[in-house]
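Under UniProt numbering, residues 1 to 342 are what the sequence shown spells out, in order. Data block below; observations after.
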Amino acid sequence: MTHKIAILGASGYTGAELVRLISGHPNMDIVALSGERKAGMRMADVFPHLRHMQLPDLCRIDEIDFSDVGLCFCALPHKTSQEVVRELPASLKVVDLSADFRLRDPDAYQKWYGNPHAALDQQREAVYGLTEFYRDDIRGARLVAGTGCNAATGQFALRPLISAGVIDLDEIIMDLKCAVSGAGRSLKENLLHAELSEGYNAYAVGGTHRHLGEFDQEFSALAGRPVKVQFTPHLIPANRGILATVYVKGDALAIFDTFSAAYADEPFIEVLAFGDTPSTHNVRGSNFVHIGVTADRIEGRAIVIAALDNLTKGSSGQALQNANLMLGEEETTGLMMAPLFP
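This is the structure we're talking about:
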């Protein structure tokens with residue numbers, strides 16, 4: 001069966017990544033692409049690397065006929081997405097890549113994103129889209145909320161450890177390095193080549209990063225009590241990739257064994273040999289996550305390092321993985337491509 005697919009916000013990085021991934025999917029056909037500011041343009045002119053594909057021209061959202069669309073990916077900015085999703089047909093399956101449906105508590109959403117939620121009915125029905133931990137709920141969902149790319153990386157590095165009780169929940173420090181594509185495609189002065197290259201900087205220091213809302217929600221639910229991690233993201237002069245270095249209090253071998261058991265049957269998660277550490281180079285352009293565990297020189301402490309591609313496993317690849325489940329496809333379809341190297 002061929003599923004007809006629409007992508008809203010196709011002129012951004014995650015939209016383009018969705019098109020790239022779906023091009024290798026045997027059972028999906030892209031029938032509509034929206035890009036409000038680039039409506040009327042050919043996708044080949046917006047993204048020349050996709051010029052070999054036969055794609056519909058970009059259009060406005062209100063020009064799309066959803067009556068024959070099986071699933072819609074929504075790759076729109078925060079706040080815009082909730083307003084659009086609210087007006088989509090109630091029968092349409094939707095995978096949203098923004099932050100608008102990730103947080104279950106409307107007050108938490110307003111705290112982290114600065115505005116009241118405008119689609120509370122849809123927020124209540126949304127399923128959190130971290131596939132490896134919510135796949136049973138995702139299969140039957142109409143609306144799935146993709147995670148933040150930083151939030152996904154940190155959760156892959158911590159969820160099994162919190163569930164198993166092998167670390168001190170009050171002693172978690174996460175140092176995260178993020179590539180520049182995570183900031184989106186809009187022009188920003190601090191992302192100009194001359195201002196970003198040859199250095200890197202911390203941002204959202206002191207607990208102000210919005211993805212902390214996801215960490216608080218998910219880790220506290222797992223533990224059955226409030227869990228707050230120390231988290232500092234850093235912007236690095238690279239196009240793709242996230243590397244999370246997480247410092248925890250616990251036995252390193254027990255932590256390694258916990259990961260090995262938790263991820264043994266996961267097709268996209270590779271637990272490296274004890275003492276090995278991952279690199280963003282080795283997951284670039286793929287839907288894979290690499291996780292390494294090393295003992296610290298201080299007894300009873302360990303270092304967990306997780307790497308993924310923010311545009312693929314951290315966003316669009318995760319979205320396609322979820323869409324496969326929602327449409328009854330094999331979860332890995334269109335996603336088993338090897339990473340790009342060098």
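Using N, Cα and C, we set each Cβ at its ideal position, and we do this for glycine too.
query: By how many angstroms is the C-alpha of G15 removed from the C-alpha of residue 355?; result: Because the chain spans 1 through 342 in this model, residue 355 falls outside it and cannot be assessed.
query: D68: which of A118, K4, G140, Q110 sits nearest, CA to CA?; result: K4
query: Work out the CA separation of K313 and V227 for me, nearest whole Å.; result: 25 angstroms
query: From I305 to Q321, what distance separates their C-alpha atoms?; result: 23 angstroms
query: With distances taken between CB atoms, is the gap from P237 to S197 smaller than 8 angstroms?; result: yes
query: Could you work out which residue in T232, A307, E195, R185 is closest to P77 when comparing CA atoms only?; result: R185
query: Return the residue from the list Y200, R301, L97, I173 that minimises the CA-CA distance to D251.; result: R301
query: Using C-beta distances below 6 angstroms, list every residue in its chain close to H234, excluding the 5 sequence neighbours before and after it, in chain order.; result: K177, Y200, A202
query: According to DSSP, simplified to helix, strand and coil, what is K4?; result: strand
query: Just to confirm the assignment, what range does the alpha helix (DSSP H) spanning Q123 have?; result: 120-125
query: Per DSSP, what kind of secondary structure is N201 in: helix, strand or coil?; result: strand
query: Give a yes or no on whether the C-beta atoms belonging to L71 and V19 are separated by under 8 angstroms.; result: no
query: When the Cβ atoms of the stretch 279-294 are set against those of the stretch 326-342, are three or more pairs found closer than 8 angstroms?; result: yes
query: Considering G15, what are the terminal residues of the alpha helix (DSSP H) in which it resides?; result: 13-22
query: I'd like to check one pair, L50 with S34: are the Cβ atoms closer than 8 angstroms?; result: no
query: Taking the continuous alpha helix (DSSP H) assigned at G154, which residues delimit it?; result: 149-164
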